[in-house]
Amino acid sequence: MRQFRAIISKHKSNKTSSSQQATPSTTPATHPPATTKPTTMSSAPLSGKVAVITGGTKGIGASTATLLVQLGAKVVVNYGRDSAAAEKIVSQLGSDKAYAVQADAGTVAGVEHLVKATVDKFGQIDILIPNAGILPMKTVESCTEEDFDRTFNLNVKGPFFLVQKALPHMAPGSSIVLISTTLCHASTVNGPYTLYCSTKGAIEQLTRLLSKDLLARKGIRVNAIAPGPTATDLFLEGKSEQVLKVLAGFHPANRIGKPEEIAQAIAFLCGQGAEWVSGQTIRVNGGMA
Ligand SMILES: NC(=O)c1ccc[n+]([C@@H]2O[C@H](COP(=O)([O-])OP(=O)(O)OC[C@H]3O[C@@H](n4cnc5c(N)ncnc54)[C@H](OP(=O)(O)O)[C@@H]3O)[C@@H](O)[C@H]2O)c1
315 MRQFRAIISK
325 HKSNKTSSSQ
335 QATPSTTPAT
345 HPPATTKPTT
355 MSSAPLSGKV
365 AVITGGTKGI
375 GASTATLLVQ
385 LGAKVVVNYG
395 RDSAAAEKIV
405 SQLGSDKAYA
415 VQADAGTVAG
425 VEHLVKATVD
435 KFGQIDILIP
445 NAGILPMKTV
455 ESCTEEDFDR
465 TFNLNVKGPF
475 FLVQKALPHM
485 APGSSIVLIS
495 TTLCHASTVN
505 GPYTLYCSTK
515 GAIEQLTRLL
525 SKDLLARKGI
535 RVNAIAPGPT
545 ATDLFLEGKS
555 EQVLKVLAGF
565 HPANRIGKPE
575 EIAQAIAFLC
585 GQGAEWVSGQ
595 TIRVNGGMA
């Protein structure tokens, strides 16, 4: 009981002195809650925050960028090839709030460039969302070494090294949100998802391990979102109306999710109200699994 009282009073004293704490501490359990980091005077909950989103120009990434800007953040939207889509989202969000960076998010050089471009532009990183991913439909027999490397590079290696490169620029109270898939938790899933789900299984373990390490050493929360089937290019490509109808039927609401619905859950993990949420993979799928 005495131990508990000591911990509680330590927390209270952290709360009162936290506005003076600017550099990362190495002592566990002494980090201030996310809301205590100094921000500009504004009612927008993410005002003063800078978010980096790989694959931020389309689908879930673009919806998340849009919502985070609405909540007051500045966003760096990374993309791979489609500069027209990048220009479009920057013009929609405003060039003072959104900045597009072309970089292959599946390479170490690419994520290094992304971090440098972000810090040069906005000076800090508060929210990191390694979101870019690909979904090649590959069974164990049909998967080539090139398929394997390409998929693991973008879906796992990129997020891993993006975290590594971004960490020196992230203060206590920052948040990392990784992206898995509900398919890792669904009992109805078939062979062609084998390669993809293998990468997302790695992402869930990365979330679990990083969350313990980074909260303890740096005061940074790490969580993951596991979306169900969501109406984006990645999911819709190559699927007939009939297939989409069958897949919608796996959901109690008989429909596919919308990227904006996934963005809401990501934004929750980035902002106020989630200070005590870390190490979780949250399924956002309308009750599918
Ligand atoms: N949609 C779903 O049903 C669903 C379900 C569960 C999980 N997820 C996960 O959610 C994440 C986002 O998926 P989404 O459906 O929103 O995808 P999407 O609509 O296909 O968008 C992909 C984004 O990633 C970018 N990108 C692709 N390759 C890249 C590379 N090498 N480097 C940098 N950026 C790259 C694309 O930009 P360019 O076009 O310019 O290359 C685009 O901005 C992925 O991790 C995916 O696995 C999706």
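Letter by letter, the sequence shown follows residues 315 to 603 in the numbering used here.
Positions of the beta carbon are idealized from the N, C-alpha and C atoms, including for glycine.
This one's a predicted model, so the numbers in the text were calculated from it and none came from an experiment.
| request: Quick one: grab the DSSP three-state call for Val491. | output: On the sequence shown, residue 491 is found 177 positions in, with the first residue counted as 1. Val491 falls in the strand class under three-state DSSP.
| message | Taking 8 Å as the cut-off, is the beta-carbon of Gly370 closer than that to any non-hydrogen atom of ligand 1? | response | Mapped onto the sequence shown, residue 370 falls at position 56. Yes; taking the cut-off as 8 Å, the Cβ of Gly370 has a heavy atom of ligand 1 nearer than that.
| Phe549 at chain C interface by Cβ criterion, 9 Å | This model lacks chain C altogether, as it is built from one protein chain only.
| said: Between which two residues does the alpha helix (DSSP H) holding Ile448 run? | reply: For the purposes of this step, residue 448 is identified with residue 134 of the sequence shown, where counting begins at 1. It is not in any alpha helix (DSSP H) - Ile448 carries neither H nor E in the DSSP assignment.
| According to the Cβ coordinates, are Ser605 and Asn537 closer than 9 Å? | Outside the displayed span of the chain (315 to 603) sits residue 605, for which this structure offers no information.
| Who are the Cβ neighbours of Pro573 in its own chain at under 6 Å, not counting the five residues just before and after it? | The residue labelled residue 573 in the question sits at position 259 within the sequence shown. Gly373, Ile374, Ser377, Thr544, Thr546, listed in sequence order.
| request: Identify the continuous alpha helix (DSSP H) that holds Val415 and give its terminal residues. | output: If you number the sequence shown from 1, residue 415 lands on position 101. No alpha helix (DSSP H) holds Val415; the beta strand (DSSP E) holding it covers 412 to 416.
| request: Under 8 Å by Cβ, that's how I've got Ser494 and Lys514 pegged, so tell me the actual separation to the nearest angstrom. | output: One-based indexing of the sequence shown puts residue 494 at position 180. One-based indexing of the sequence shown puts residue 514 at position 200. Yes, they are in contact, since the Cβ atoms of Ser494 and Lys514 sit about 4 Å apart, within 8 Å.
| request: Report the three-state DSSP secondary structure of Glu518 (helix, strand or coil). | output: Within the sequence shown, the letter at position 204 stands for residue 518. Glu518 falls in the helix class under three-state DSSP.
| task | Determine the burial state of Thr458: buried for a count of at least 16 other Cβ atoms within 10 Å of its Cβ, exposed for fewer. | result | The residue given as residue 458 occupies position 144 in the sequence shown. Thr458 comes out exposed.
| If we count the other Cβ atoms within 10 Å of its Cβ and call it buried at 16 or more, is Lys435 buried or exposed? | Numbered from its first residue, the sequence shown carries residue 435 at position 121. Classification for Lys435: exposed.
| message | Could you check whether the Cβ of Ser525 sits closer than 8 Å to any heavy atom belonging to ligand 1? | response | On the sequence shown, position 211 is the one that residue 525 refers to. Incorrect: Ser525 has no Cβ contact closer than 8 Å to ligand 1.
| request: Give the DSSP-derived three-state secondary structure of Arg597 in the structure shown. | output: Residue 597 sits at position 283 when you count from the first residue of the sequence shown. Strand at Arg597.
| request: Tell me whether Leu523 is buried or exposed, calling it buried when 16 or more other Cβ atoms sit within 10 Å of its Cβ. | output: The residue labelled residue 523 in the question sits at position 209 within the sequence shown. Flag for Leu523 reads exposed.
| said: For Val383, which residues in the same chain have their Cβ closer than 8 Å to its Cβ, ignoring the five residues on either side in sequence? | reply: Along the sequence shown, one-based indexing puts residue 383 at 69. Val389, Leu407, Gly408, Lys411, Ala412, listed in sequence order.
| task | Evaluate contact between the stretch 357 to 374 and the stretch 565 to 583, counting only Cβ atoms and requiring at least three cross-stretch pairs below 8 Å. | result | yes
| task | Assign Asp418 to buried or exposed, taking buried as 16 or more other Cβ atoms, counted over all protein chains shown, within 10 Å of its Cβ. | result | Here residue 418 is taken as the residue at index 104 of the sequence shown, counted from 1. Asp418 comes out buried.
| request: Output the distance between the C-alpha atoms of His565 and Gly437, rounded to the nearest integer angstrom. | output: On the sequence shown, residue 565 is found 251 positions in, with the first residue counted as 1. On the sequence shown, residue 437 is found 123 positions in, with the first residue counted as 1. Using only the alpha carbons, I get a separation of about 42 Å.
| Applying the criterion that 16 or more other CB atoms from any shown protein chain within 10 Å of the CB defines a buried residue, is Ala365 buried or exposed? | Residue mapping note: residue 365 aligns to position 51 of the sequence shown, counting from 1. By the neighbour-count rule (16 or more Cβ atoms within 10 Å), Ala365 is buried.
| query | According to DSSP, what are the bridge partners of Val364? | reply | On the sequence shown, residue 364 is found 50 positions in, with the first residue counted as 1. Paired residue(s): Lys388.
| query | Any heavy atom of ligand 1 closer than 8 Å to the CB of Leu442? | reply | Stepping through the sequence shown from its first residue, residue 442 is reached at position 128. Because no heavy atom of ligand 1 lies under 8 Å away, the Cβ of Leu442 does not count as near it: no.
| field | Limits of the beta strand (DSSP E) - the one that Arg569 falls within | value | Position 255 of the sequence shown, counted from the start, is the residue given in the question as residue 569. That residue, Arg569, is in no beta strand (DSSP E); it is neither H nor E in DSSP.
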